[in-house]
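Report on one structure; see the data block that follows.
Numbering (mature numbering (1 follows the signal peptide of the UniProt record, and there is no 0)), first residue to last: -20 to -1, 1 to 151.
Written out as C-alpha cells, the structure is:
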C-alpha cells in the first residue's frame, strides 16, 4: 500500500517538474502564408509537401503558382563524392559525401521572403573493396539522410518567417 502511495507521489513529482521547466510538445507548425507552391526539387519537393500537409495548422500546398501566397523555389541540388584518405596502394579508404541545396522563398510577385540560400551538408563514408554492395547501400542512405536534414532545415527557416513583405502601392 505504501509503495503505491510513494509511486503516485513520485509520478506526480515528475509531472510537476516537467511542466515547471517549460517542456511542451512541438505541435503543428504555423507559417506566415496559407498557400504554398513548390517548384523544382523532385523528391525533396515531395518531402516538403508531405511535411507541410501533415505538420502544419492551416497551410496547404497548391499545384498552381497563381493560387499561392508564397513560392518555394528549389533552384539547385548537387551531390559530390571525394576521396579523403588513401591506403598504401593509392586506393581510397574513405570518401566524403557532399550535398548542396539552393532554394529561395518568394512572394507571387517575386519579392524575396527568404533570399537565395544554400544549405551545404557533409557525411563521411568508409570504403572497403570487399563490401561493395554494403558501401553502395550506405552511400544511398547517407545521401537520403542529407536530403532529409536539408528538408528539416528549410522547414525551420520557413517557420521562422513571421510575416510576408507588404507590397508598396504604385504611385
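For each residue, glycine too, the CB sits at the ideal point set by N, CA and C.
Practice item. Give the DSSP-derived three-state secondary structure of residue 144 in the structure shown. Key: Looking up residue 144 in the chain shown gives position 164. Of the three classes helix, strand and coil, the one that applies to residue 144 here is coil, per DSSP.
Check: Roughly how many whole angstroms lie between the Cα atoms of residue 91 and residue 145?
Finding: Position 111 of the chain shown holds residue 91. Position 165 of the chain shown holds residue 145. If you take the alpha carbons of residue 91 and residue 145, they lie about 8 Å apart.
Note to self: Short of 7 Å in beta carbon distance, which residues of its chain neighbour residue 167, apart from the five on each side in sequence? Order them along the chain.
What the structure shows: What the structure shows of the chain is the stretch from -20 to 151, and residue 167 is not part of that stretch, so it cannot be assessed.
(message) If I measure Cβ to Cβ from residue 19 and keep anything under 8 Å in the same chain, skipping five residues before and after, which residues do I get?
(response) Looking up residue 19 in the chain shown gives position 39. The residues are 25, 45, 51, 52, 53, 54.
**Request:** Would you check if there are 3 or more beta carbon pairs closer than 8 Å linking the segment 74 to 88 to the segment 97 to 112?
**Result:** yes
Quick check: what's the CA-CA separation for residue 31 versus residue 117? As a working note, residue 31 is residue 51 in the chain shown. As a working note, residue 117 is residue 137 in the chain shown. So the alpha carbons of these two residues sit roughly 25 Å apart.
* Asked: Could you give the uninterrupted runs of the beta strand (DSSP E) lying entirely in the segment 10 to 73, keeping only those of 3 residues or more?
  -> Listed in chain order, the complete beta strand (DSSP E) runs (minimum 3 residues) inside the segment 10 to 73 are 15 to 19, 50 to 66.
| message | Per DSSP, what are the beta-bridge partners of residue 92 in this structure? | response | Looking up residue 92 in the chain shown gives position 112. DSSP output for residue 92 lists 86 as bridge partner(s).
Q) Among 130, 87, 74, -5, which one has its Cα closest to the Cα of residue 13? A) In the chain shown, the residue the question calls residue 13 occupies position 33. Checked all of 130, 87, 74, -5; the closest Cα to residue 13 is 87.
Query raised in the report: Can you tell me whether DSSP reads residue 8 as helix, strand or coil?
Result: Sequence index remark: in the chain shown, residue 8 carries index 28 (1-based). Reduced to three states, the DSSP call for residue 8 is coil.
Spatial neighbours of residue 56 within its chain, please: C-beta separation below 6 Å, excluding the five flanking residues on both sides. One-based indexing of the chain shown puts residue 56 at position 76. Counting only Cβ-Cβ distances below 6 Å, and skipping sequence neighbours, we find 82.
Report the rounded CA-to-CA distance for residue 22 versus residue 131, giving the unit in angstroms. For the purposes of this step, residue 22 is taken as residue 42 along the chain shown, with counting starting at 1. For the purposes of this step, residue 131 is taken as residue 151 along the chain shown, with counting starting at 1. Each residue's alpha carbon lies about 12 Å from the other.
task: Can you grab the Cα-Cα spacing for the pair residue 152 / residue 139, in whole Å?
output: Outside the modelled stretch of the chain, which goes from -20 to 151, sits residue 152, for which no answer is possible.
request  = With DSSP collapsed to three states, give me the class of residue 149.
outcome  = Numbered from 1 along the chain shown, position 169 holds the residue referred to as residue 149. Confidence at residue 149 is low in this model, with a pLDDT of 49, below 50, so its placement is unreliable and no value can be given for it.
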